[in-house]
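Accompanying notes for the structure given below.
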Amino acid sequence: MVAKGKIVWVSGPAVRADGMSSVKMYETVEVGESKLIGEVIRLTGDVAFIQVYESTSGLKPGEEVVGTGQPLSVLLGPGIIGRIYDGIQRPLDDIAEKSGAFIGRGITTSPVDMKKKFKFNPTVKKDDTIFGGSILGTVEETPLLTHKILVPPIFPEATITEIVKEGDYDLEDVIGQANSKNGDKIGLKMYHKWPVRKPRPYAERYDPTVPLVTGQRIIDTYFPIAKGGTGGIPGGFGTGKTVTLHQIAKWADSQVVVYIGCGERGNEMTEVLVEFPHLIDPRSQRPLMERTVLVANTSNMPVAAREASIYTGVTIAEYYRDMGYDVVLVADSTSRWAEALREMSGRLEEMPAEEGYPSYLASRLAEFYERAGRIRALGSPDRSGSVTIVGAVSPSGADFTEPVTTHTIRFIKTFWALDTRLAYSRHYPSINWMQSYSGYLEDISKWWKENVSPDWYDLRAESYHILQREDTLKEIVRLLGPEALPDEEKLVMEVARMLKIGILQQNSFDKVDTYCSPVKQLKLVRLMVKFYKESQKALKEGKSLADIRALPIITTLLKAKFEVTDEQISKLDEIDKQLSDSFKGDIEEVKVSV
Amino acid sequence: MIIDGVTTASFDELVEIETDDGERRLGKVLEIGNGKAVVQVFEGTTGLAITGTRVKFLGKTMAMPVSQELLGRVFDGLGRPNDGFPDPVADKFLDVNGEPMNPQSREYPTSFIQTGVSVIDGMLTLVRGQKLPIFSGSGMPHNILAAQIARQATVVGTNEDFAVVFAAIGVQYSEAQYFKRSLEESGALRRSVLFVNLADDPAIERIITPRVALTVAEYLAFDLGMHVLAILTDMTNYAEALREISAAREEVPGRKGYPGYLYTDLANNYERAGRLKGKNGSVTQMPILSMPADDITHPIPDLTGYITEGQIVLGRDLFRKGIYPPVNVMMSLSRLMKDGVGEGKTRSDHMEVGNQLYDAYSRAQEVRALAEIVGKAGLTGVDLKYLDAGDSFETHFLKQSPDENRNLDETLSRAWDILATLPEGELTKIKDKHIQQYYKANK
Ligand SMILES: Nc1ncnc2c1ncn2[C@@H]1O[C@H](COP(=O)(O)OP(=O)(O)OP(=O)(O)O)[C@@H](O)[C@H]1O
Ligand SMILES: Nc1ncnc2c1ncn2[C@@H]1O[C@H](COP(=O)(O)OP(=O)(O)O)[C@@H](O)[C@H]1O
Ligand SMILES: [Mg+2]
Ligand SMILES: [Mg+2]
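Residue numbers (our numbering), protein chains in the order written: chain F, 1 to 594; chain C, 595 to 1037.
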C-alpha cells in the first residue's frame, strides 16, 4: 500500500509528516506539490521524519507526502562511467539541460540513458546455471572498460532457458530468461537496482596484499595503501587533501575510480570534468574519464543529499568491484558528510554527543570504511575485485583531536597526516612523515620485492632512518645552532634535506613530477642512500663536509625527479655513475664555486 | 519571533510585520508547523508588542529588483535605496538566496587578473571568477588593500573594466565612506553598486546584505555580461548575526557557539562566484573578515578557508614593521594560481618563481629564528645569504605604496633580483632552462 500523508512541520531540510503509518524506514518519498525527493529517517507512530534532498523553500504544512515503496537506490548498469551525478544519482548534465546553469528543484531524470543501445556479448548459454552475481555477458562501456552484466546479487539458483545473440540492446530489453529451481520464470535485463545503505554481498573476503600504486613517492614508498584497503587524509584548509585525492584519482593503477565531492567546492568538480577527459592513463593511453565516475554534492547544494552522496558512491564502487575490478573510491570530504549528519540530528532534536555530532557518528564512519575490501565475488565465473577507500577529513581548526578525525583514525589502516606548517613552507604534499603510518607495509613488501627490486624494503628503511635521525637532531640545532653538531650528524641533516626536496616533495602540477613510477621511485631513493653512504665514507677518509656539500651532483640529484622522465629512466643509471665518480679521487677537483 | 494561528505560510516565505504605530518590517519564516511559524525579523524585534502587531505572509521568498539602473546607486542592507534617489525600475525580481551553480555548467577560471600588487600577482595570483578572501585583524589595512585592488585590477590585453559590487556588513560609517570615496575618485562609482549595513543598523539585517549584493553581482555578470568584483566586508559581523539567531532559537551549538550549519551557510554565499559556460561575465569574490584575536583557527576564518579558493592573510608583525601590504605570504595561498599563470597566460617562469620565493622566504624565517638564538656567528654562509634575501623580499618585493601599480614584468623582475642573490644550487624549484634565461642574465 502506498503511504500518503500530510506535512505538519518544515525546518530547512527536515520535514515532519503525519498519516504515514504504512511507510517504511529509509523509504523514499515525494514531498509536496513539487514532488521533492526525500527519505524517511525516523518513524514515531504515524509521524515520519523526512530528510529532503532538495531545497524546501516554499514548502508548507498541509502539502502531501507520498511514499514510493522503495528505499533510496541506485541504478546499476552500463552507462555510468564518465558521468557526473548529484548525491542521489541524478546526472548533472541532464539537470543542466532541464533547469539551466543553476540547479532547480523537483527534477526527475534517469541515471543512465535507458534508450541507448549497447552491444551485448553473451558469455552464458542455454542450460547454464546462474546464481546471484553471475556474469551474463559483456558490454564495452568505454574503450577502457568492459562492463560485465551481472545477475542481481540476491537471486535464486536458476537455469538459463533463453539468451539473446550478440547484438545491440538497450537497458529495458529482455536479454534472457531463466527458470529457478522452484519453477519461477525470471526475465533478465542489463541493469538492476540496489539500495545504497546496504552493502552488496560477496562470497569471501581476502587480505589486501597488493599495493595500490599511486605514483606519489611519499605514499607508495613510505606510507603505502593496499588494494582493498582504507586510508584517511586529515588536514587543515589548504594543506593538500583535494590535490592528493585528485592525484590518486588520476594515477592510481585501478580500473575504475569513483570520485565523491561531498560538500566541497564547485570549481573542484569542474576541474575534474575539464581535466580528466584530456589526461591520458599512463598504462592504457586512454583518457582518464573513461574509467571515472563523479558524484558531486557541493557545499551549496542541499545538505541532506550530501549525506546520501557517500552511499551512492560506495554502492557504485561495489558494483564495479563485483565485476572483478579494482576500484578506488575517494571522498572529499567525509567531514562535510559528518556535518550533514549533525545538522539533521540537530533538527530532529536528538541528544548530541561531542561537538553536537550524533552519538552514532562513529558507527556510521565504521560502516562506511567497512565497505572497502578485496573480495571474491558472488556467482560465476570466479573472480576477485576490490574497493579501496580514501577519505579526506577536514578537522576544524586543523585540530586532529576533534570527533570526526579521532573516530576515522579508528577505522582506517593508512594515515596520511597533513601538516599545516609544511604547507605554509610549500613542502607539498605536506604529509608529515613522522606522524603518518601505513598498516599495509609488511603485507605489500612482497609485491615490491617481486615486481620492482629485492632491496626495496631495506632502501625504504635506510632512507626513513635518516629522516628519523634528522627529526631528533633538529631539536639540538634549534637550541644550539647547526655548528654544534659533529660532521657525521651534519651530514645526516644534509641528506635529510635532500630526501625532503628530492623524494618527499612532489609537485602535482609539474608535467613530469606529477607521476613517478615505482621503478623511478626506487632508483631515486637508491641514489640518495648511496650518496649518504659515499659521503660517510669520504668523511671517514678525512674529506671535509664543505667539500661534500659543494658537489655539483647534489643539484642533479635534487632535480632528477622532474628533469628525468619515466621514458628516459636509464638517465638515472648515468647519474648513478656520476655519483660514484664524484667520490672518486680528490673531491676538490670536481668542486664548483658558487 | 513566534507567530500563532498560522494556516497558510510556507518555509522561507517573506513576512511583513506592521507595528501598532504603522511601522513596517520584513522577516522570513525559519520553521513552520502545528499552527506556529518561527519568523526572523530582519530589522530586529525591539519595539514589537505581543498585541497590536499585525503580520502578513507575502506568499513569496525575498526577492531583489534588478536592472542596469542599479549601477552607481547606494542601497541599505536589505537592498532598498538609501541615496535619496527613487527606486530603480526593475528589469526582473530575483530570489536573494540564489540557486546553486551546476558544476557541469561552470567554466573553470583561468584568466589572470593583474592587481598591480607584487605579492598578489607574483605569489598569490587572482583569477577571474575566483573567491579569494582577505583575513585581517583589527586596525590592519584590509580596506586600503581591497580598494587598491578594486582600482587597479585589469585583465591584461582586454579593456573590459570590472564592475564593483560592494557590501558593507556591520562596518563603521567611516569605512563605508572610505570605499565610496575611493571608487568615486577613480571614476569607478558609475560601475559600482553599494549595499550598506552599518555597525548601528540592525544585526539581523546582515543576514540578507551579502545575499542581495551577490544576487546583483550574478545579475550583472550572467545577465548583462559584466566582469564583477564583489567585495564583502566584514564577514565576521555576518557570522555573528547568524550566531545571534541560532542562540535565540536555542539550537545545539557547534564550536564557539556558532551554529553547526555555519559552514553550509557561508558556502551558500561564497560559492556564488565563478564563471559559466557560454556566458561572458564573471563574479570574482573578495570577502574580508577580521580574525577574532588574530586567530586563524577561529571558526569564522577556519570555515571560510575551507570554502574559498585560498586566502590572503595579513600579518600583525609586518604591519608593526610598517610594511604595506602586510601580507603574511606563508599563511596565504591562491589555489587557482596554477591555472592562471604560465606559458601563454603570463610567463613560463611565473609559477616556478613564485614557488622558489616561498621556499626562500620560508628558509629565511627559519634562519632568522635560529640567528636569534645562536647569533650570526653560528650560521653557515648559505644561511647568511638567506637572511639577506628575506630582508630584501620584504623591502624590495612585498612593500609598495597603496597607489603604486606594478605590472607583472616588473613584479617578476623584482623577484629575480632576490633569487639572484642565492647560490644557483639553492634554486631547486626552477627548471634549468629558466635558470639559463633569467638567473644567469641577472648575474
Ligand atoms: N617532520 C617534520 N614535520 C614538520 N615539519 C618539519 C619536519 N621536518 C622539518 N620540518 C620543517 O621544520 C619546521 C619546524 O619544524 P616543526 O614543525 O617540527 O617545529 P616545532 O617543533 O613544531 O616548533 P614549535 O616548537 O615552535 O612548535 C617546519 O616549518 C618544517 O618546514
Ligand atoms: N602535491 C602538490 N604539489 C603542488 N601543489 C600542491 C600540492 N598539494 C597541494 N598543493 C597546493 O596546495 C593548495 C591547496 O591544496 P588542496 O588540496 O586544495 O587543499 P585542501 O583540500 O586540504 O584544502 C593547492 O591549490 C596547491 O596550490
Ligand atoms: Mg580540499
Ligand atoms: Mg612543536
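Beta carbons are placed, not taken as given, at the ideal position from N, Cα and C, and that holds for glycine.
Notebook entry, point to check: L273 of chain F touches chain C at which residues, Cβ-Cβ below 9 Å?
Noted result: Neighbourhood of L273 of chain F in chain C, by CB distance below 9 Å: P697, Q698, R700 and Y702, in chain order.
Item checked: Inter-residue spacing [alpha-carbon to alpha-carbon] between D581 of chain F and L527 of chain F -> Near 13 Å, if we compare the C-alpha coordinates of L527 of chain F and D581 of chain F.
Item checked: K520 of chain F burial status per 10 Å Cβ neighbour count (16 or more: buried) -> It is buried - the Cβ of K520 of chain F has at least 16 other Cβ atoms within 10 Å.
Next item on the list: Determine contact between the region 883-891 of chain C and the region 716-724 of chain C, defined as no fewer than three beta-carbon pairs at a distance below 8 Å.
Entry: At 8 Å Cβ cutoff, the stretches do not touch.
Check: So, R336 of chain F versus G356 of chain F, is the Cβ gap smaller than 7 Å?
Finding: Cβ atoms of R336 of chain F and G356 of chain F: not closer than 7 Å.
Next item on the list: Would you check if the distance between the CB atom of M829 of chain C and the CB atom of L726 of chain C is smaller than 7 Å?
Entry: Not a contact, by the Cβ cut-off of 7 Å.
Check: Of all the residues that make up the region 279-296 of chain F, which are near chain C by a beta-carbon distance shorter than 8 Å?
Finding: Residues passing the 8 Å Cβ filter: A296.
Check: Roughly how many angstroms lie between the CA atoms of R843 of chain C and P143 of chain F, to the nearest whole one?
Finding: Roughly 56 Å separates the two Cα atoms.
Notebook entry, point to check: What separation, rounded to the nearest whole angstrom, lies between the Cα atoms of A17 of chain F and I154 of chain F?
Noted result: If I take the Cα positions, the gap works out to 33 Å.
Margin query: Give me the pocket residues for ligand 3, defined as CB within less than 5 Å of any heavy atom, sorted by chain position.
Written below: Taking each Cβ in turn, the ones that pass are F:K241 and F:T242.
Next item on the list: Tell me, please, whether the region 174-184 of chain F touches the region 307-317 of chain F by the rule of three or more beta-carbon pairs shorter than 8 Å.
Entry: Here the region 174-184 of chain F does not lie against the region 307-317 of chain F, with fewer than 3 beta-carbon pairs under 8 Å apart.
Check: If you draw a straight line from the C-alpha of K126 of chain F to the C-alpha of T406 of chain F, how long is it?
Finding: Their Cα atoms are separated by approximately 54 Å.
Check: If you measure from the CB of S335 of chain F, is any heavy atom of ligand 5 nearer than 6 Å?
Finding: This structure simply doesn't include ligand 5; it includes ligand 1, ligand 2, ligand 3 and ligand 4 instead.
Notebook entry, point to check: Which residues, in order along the region 1004-1019 of chain C, keep a beta-carbon less than 8 Å from a beta-carbon of chain F?
Noted result: Flagged, chain order: P1017, E1018 and G1019.
Checklist line | chain F residues whose Cβ lies nearer than 8 Å to that of I801 of chain C | finding: Among the residues of chain F, none has a CB under 8 Å from the CB of I801 of chain C; the nearest is roughly 14 Å distant.
Next item on the list: Pair every Cβ in the region 960-972 of chain C with every Cβ in the region 744-760 of chain C, then say whether three or more of these pairs are closer than 8 Å.
Entry: No, because fewer than three Cβ pairs between the region 960-972 of chain C and the region 744-760 of chain C fall closer than 8 Å, the two stretches do not touch.
Next item on the list: Give every residue of the same chain whose Cβ lies closer than 8 Å to the Cβ of I882 of chain C, excluding the five residues on either side of it in the sequence, and list them in chain order.
Entry: P727, I728, S730, H736, N737, A740, I825, L826, T827, D828 and M829, listed in sequence order.
Notebook entry, point to check: From what residue to what residue does the alpha helix (DSSP H) around N267 of chain F run?
Noted result: Note, N267 of chain F: alpha helix (DSSP H), G266 to E275.
Item checked: Nearest candidate by alpha-carbon position, reference D547 of chain F, set F:L491, F:S363 and F:T138 -> Relative to D547 of chain F, the option among F:L491, F:S363 and F:T138 whose CA is nearest is F:L491.
Check: So with Cβ pairs under 7 Å, would you call T270 of chain F a contact of chain C?
Finding: True, the Cβ-Cβ gap to chain C drops below 7 Å.
Notebook entry, point to check: Using the rule of at least 16 other Cβ atoms within 10 Å of the residue's Cβ for burial, across every protein chain shown, is E97 of chain F buried or exposed?
Noted result: So E97 of chain F ends up on the exposed side.
Check: Using the C-alpha atoms, what's the distance from G106 of chain F back to K35 of chain F?
Finding: Between K35 of chain F and G106 of chain F, the C-alpha separation is close to 6 Å.
Check: Would you call Y767 of chain C buried or exposed, if buried means 16 or more other Cβ atoms sit within 10 Å of its Cβ?
Finding: By the 10 Å Cβ count, Y767 of chain C comes out exposed.
Next item on the list: Over the uninterrupted beta strand (DSSP E) stretch that includes L1043 of chain C, give me the two end residues.
Entry: Look at the range of chain C in this structure, 595 to 1037, and you will see that residue 1043 of chain C is not part of it.
Checklist line | E307 of chain F (DSSP reduced to helix, strand or coil) | finding: Residue state, collapsed to three classes: helix.
Check: Can a CB atom of chain F be found closer than 7 Å to the CB of P895 of chain C?
Finding: The beta carbon of P895 of chain C does not come within 7 Å of any beta carbon belonging to chain F, so the residue lies off that interface.
Check: Is any beta-carbon of chain F found at less than 7 Å from that of L652 of chain C?
Finding: No, L652 of chain C does not count as interfacial toward chain F.
Notebook entry, point to check: Given G646 of chain C, which residues of its chain have a CB within under 6 Å of its CB, disregarding the five upstream and five downstream residues?
Noted result: Closer than 6 Å at the Cβ level, and outside the excluded window around G646 of chain C, lie D614.
Notebook entry, point to check: P91 of chain F and A304 of chain F: beta carbons closer than 7 Å?
Noted result: No. Outside cutoff.
Margin query: Once the 5 residues before and after I798 of chain C are set aside, which same chain residues still bring their CB inside 8 Å of it?
Written below: Only Q634, V635, F636, E637, G638, A835, E838 and I839 meet the Cβ criterion.
Next item on the list: Indicate whether at least one CB of chain C lies closer than 7 Å to the CB of P61 of chain F.
Entry: So, interface residue.
Item checked: Proximity test, Cβ basis, 7 Å: W251 of chain F and chain C -> For W251 of chain F, not one C-beta of chain C is nearer than 7 Å to its own C-beta.
Item checked: CA-to-CA distance, T209 of chain F to I444 of chain F, given in whole angstroms -> Approximately 5 Å, taken between the alpha carbons.
Note to self: Whole angstroms are fine: how far does the CA of G909 of chain C sit from the CA of S928 of chain C?
What the structure shows: Distance between the alpha carbons of S928 of chain C and G909 of chain C: 17 Å.
Check: How about G32 of chain F: is its C-beta nearer than 7 Å to some C-beta of chain C?
Finding: Chain C contact via Cβ: absent.
Check: How many angstroms separate the CA atom of E494 of chain F from the CA atom of K474 of chain F?
Finding: In this structure, the straight-line span from the alpha carbon of E494 of chain F to that of K474 of chain F is close to 11 Å.
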